[in-house]
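1 is the number of the first residue of the sequence shown in full-length UniProt numbering; add one for each residue after it. Below is one structure, written out as structure tokens; the observations come after it.
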Amino acid sequence: MTIQSSNDDASQVLADAHYPTQSIDWLTRLIGFDTVSRHSNLALIEDVKAYCEQLGLSVDLTFNEAKNKANLFVTVPAGANADHVNHGLVLSGHTDVVPVDGQDWTSEPFTATIRGDKLYGRGACDMKGFIACALTMLPQAVKLSNAGQLRRPLHLALSFDEEIGCLGAPLILADLKARGITPDYCIVGEPTNMAMVVAHKGIAVYRCRVHGKSAHSSLIAQGVNAISYASRLVGYVDTLAEELSTRNGALEDGDEIFTVPYSTLSVGTIHGGTATNIVPNLCEFTFDYRNLPHMTQDDVLEPIQAKIAELNAQMQARAPETGIELMQEESVPAMTDNDSAELQSLIAALTGDDERHKVAYATEGGQFTNAGIPTIICGPGSIEQAHKADEYVELNEIVRCDGFLQKLLNSCAVN
Ligand SMILES: [Zn+2]
């Protein structure tokens with residue numbers, strides 16, 4: 001595997017700085033697969049599967065309904081006398097990436113390109129960098145396992161469709177449950193600059209469709225105005241948002257480690273009406289709810305549904321065919337830090353940094369903690385570069401991630 005480079009100095013940069021060629025080769029290989037969520041990820045999965053099988057590992061795939069996408073789960077087993085035969089540590093990453101449509105890239109997004117001390121390409125930081133480092137470490141884990149020196153199994157979980165609502169990971173978790181595998185911990189390698197993220201908010205996205213009744217605007221008594229009723233509900237969502245910010249923001253109920261220390265509700269889109277002189281029969285809006293880990297989606301859903309029932313009664317008294325539909329489009333649970341103290345101590349010891357961060361973006365970590373597996377997020381690169389044109393990872397971050405995984409592997413080995 002050669003490093004694609006935009007200038008002749010790139011290989012010299014690598015040679016001079018002793019960058020880890022194996023992880024960089026893997027990252028180059030992974031970026032070469034166009035795994036934008038709307039496409040199949042099977043070519044990448046087959047490539048990784050073949051690699052794992054060459055190492056003598058058996059690989060489990062779980063597929064989406066259309067069978068054009070798969071999750072991969074592979075275990076480096078611990079010896080029969082080890083402490084944690086059915087438990088172990090999961091390294092988790094998503095294989096899909098966000099689209100490059102409409103973005104202005106300096107170099108081809110699906111060809112890894114090194115310029116200076118950075119590697120550019122879609123997925124460089126979010127999150128093929130972590131996967132590359134994990135795959136590079138795998139042969140050493142197998143060596144330890146074969147020598148009977150692995151105390152706790154090491155698992156690699158690669159998912160599909162994370163970027164469009166974390167749709168793949170639940171299939172992995174259901175499969176583990178069915179097979180009686182109960183991992184002790186999970187590390188999700190989303191980009192954190194190798195800092196330790198111990199919790200994130202949950203996200204739920206809702207679409208609200210208000211069905212009114214058309215009439216000429218000179219005859220409003222014959223119609224039911226969908227925009228007017230939608231705006232009452234939007235006003236109510238804003239009132240709830242205000243309450244959350246004062247209730248949680250007062251911090252008896254909030255969490256000051258989050259940048260925004262309270263749960264939020266935000267209306268994002270609204271569409272309705274066809275002409276000024278027509279009472280509109282349809283208005284649709286979307287909103288999202290980002291809850292602190294100790295709150296649930298029902299905390300806002302129940303009052304919103306009560307408000308909808310009240311508005312429905314008013315609308316249907318005027319025209320029975322009218323009313324409001326509320327649909328959930330996406331939902332990812334919050335990742336809590338309640339149960340992961342032991343894991344946090346382990347990671348703090350390995351990284352030498354015990355600062356605990358909490359973030360507002362959602363990851364598969366919420367699904368892992370929800371399944372009872374204490375989880376943290378720690379991976380190379382910065383979330384600032386994710387999803388953008390010229391996404392990159394600093395090569396030094398790959399060095400740090402390799403070092404981190406090496407120490408982690410040592411911590412799983414028999415002393
Ligand atoms: Zn990601």
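Just so you know, even glycine gets a beta-carbon here, dropped at the ideal spot from N, CA and C. Computed from a predicted structure; not experimentally measured.
If you draw a straight line from the Cα of Gln367 to the Cα of Glu108, it is about 34 angstroms long.
Nearest in C-alpha terms to Ser23, of all of Ser245, Leu409, Lys213 and Asn396, is Asn396. Taking C-beta separations shorter than 6 angstroms and ignoring five residues to either side along the sequence, the partners of Arg209 in its chain run Glu284 and Glu325, following chain order.
Put simply, the stretch 173 to 185 touches the stretch 361 to 379. At least three CB pairs are less than 8 angstroms apart. In the displayed model, Lys118 falls within a strand according to three-state DSSP. Apart from the 5 residues on each side of it in sequence, Gly381 sits with its Cβ closer than 6 angstroms to the Cβ of Cys125, Gly129, Pro191, Val393 and Glu397 in its chain, given in chain order. A Cβ closer than 7 angstroms to some heavy atom of ligand 1 marks a residue here, and those residues are His94, Asp126, Met127, Glu162, Glu163, Glu190, Thr363 and Ala386. Judged by their CB atoms, Asp161 and His94 are nearer to each other than the 9 angstroms cut-off. Less than 9 angstroms divides the Cβ of Ser263 from the Cβ of Arg290. The beta carbon of Glu342 lies closer than 6 angstroms to none in the same chain, with the five residues before and after it left out. Relative to Gly168, the option among Arg151, Asp117, Thr62 and Leu233 whose CA is nearest is Thr62. Distances from the alpha-carbon of Arg122 to those of Thr35, Ala309, Ala199 and Glu65 put Thr35 closest. For Tyr51, the enclosing alpha helix (DSSP H) begins and ends at Leu42 to Gln54. Close CB contacts of Ala319 within its chain, under the 6 angstroms cut and outside five residues either way in sequence, are with Lys213 and Val224 (chain order). Scanning its chain for C-beta atoms nearer than 6 angstroms, with the 5 sequence neighbours on each side dropped, one finds around Thr369 the residues Met335, Thr336 and Thr375, in chain order. For Met335, there is no enclosing alpha helix (DSSP H), as DSSP marks it with neither H nor E. In the structure shown, Ile227 falls within a helical segment according to DSSP collapsed to helix, strand and coil.
Between the alpha carbons of Ser37 and Cys166 lies a gap of roughly 11 angstroms. With 16 or more other Cβ atoms from the protein chains shown falling within 10 Å of its own Cβ, Asp96 counts as buried. In the DSSP assignment, Ile131 is bridged to no other residue.
Relative to the Cα of Gly268, the nearest Cα in the group Ile383, Glu256 and Asp288 belongs to Asp288. Taking all protein chains shown into account, Thr274 has fewer than 16 neighbouring C-beta atoms within 10 Å of its C-beta and is therefore exposed. By a beta-carbon distance limit of 8 angstroms, Val234 does not contact Leu265. Their separation comes to about 11 angstroms. Assignment of Glu163 by DSSP, reduced to helix, strand and coil, places it in the coil class. Taking the Cα positions, Ile187 is about 6 angstroms away from Val90. Between the beta-carbon of Val59 and that of Leu44 there is about 13 angstroms, and that puts the pair past the 8 angstroms contact cut. When the Cα atoms are used, Asn86 and Pro77 turn out to be separated by approximately 9 angstroms. The beta carbons of Pro280 and Ala226 sit closer together than 9 angstroms. A check of alpha carbon separations from Ile270 across Arg207, Val359, Asn64 and Cys412 identifies Arg207 as the nearest.
With respect to the C-alpha of Ala112, the residue from Leu30, Gly88 and Ala386 having the closest C-alpha is Leu30.
Gly272 and Asp117 have their alpha carbons spaced roughly 50 angstroms apart.
Membership of Asn291 in any alpha helix (DSSP H) is not indicated; the residue belongs instead to the beta strand (DSSP E) covering Leu282 to Asn291.
In this structure, DSSP gives Asp402 a helical state, which the three-state scheme calls helix.
Closest in alpha carbon position to Ala230, among Gln314, Ile114, Ser340 and Val100, is Gln314. Residue nearest to Lys67 within the set Leu42, Glu53, Asp402 and Val399 is Leu42 (criterion: CA-CA distance).
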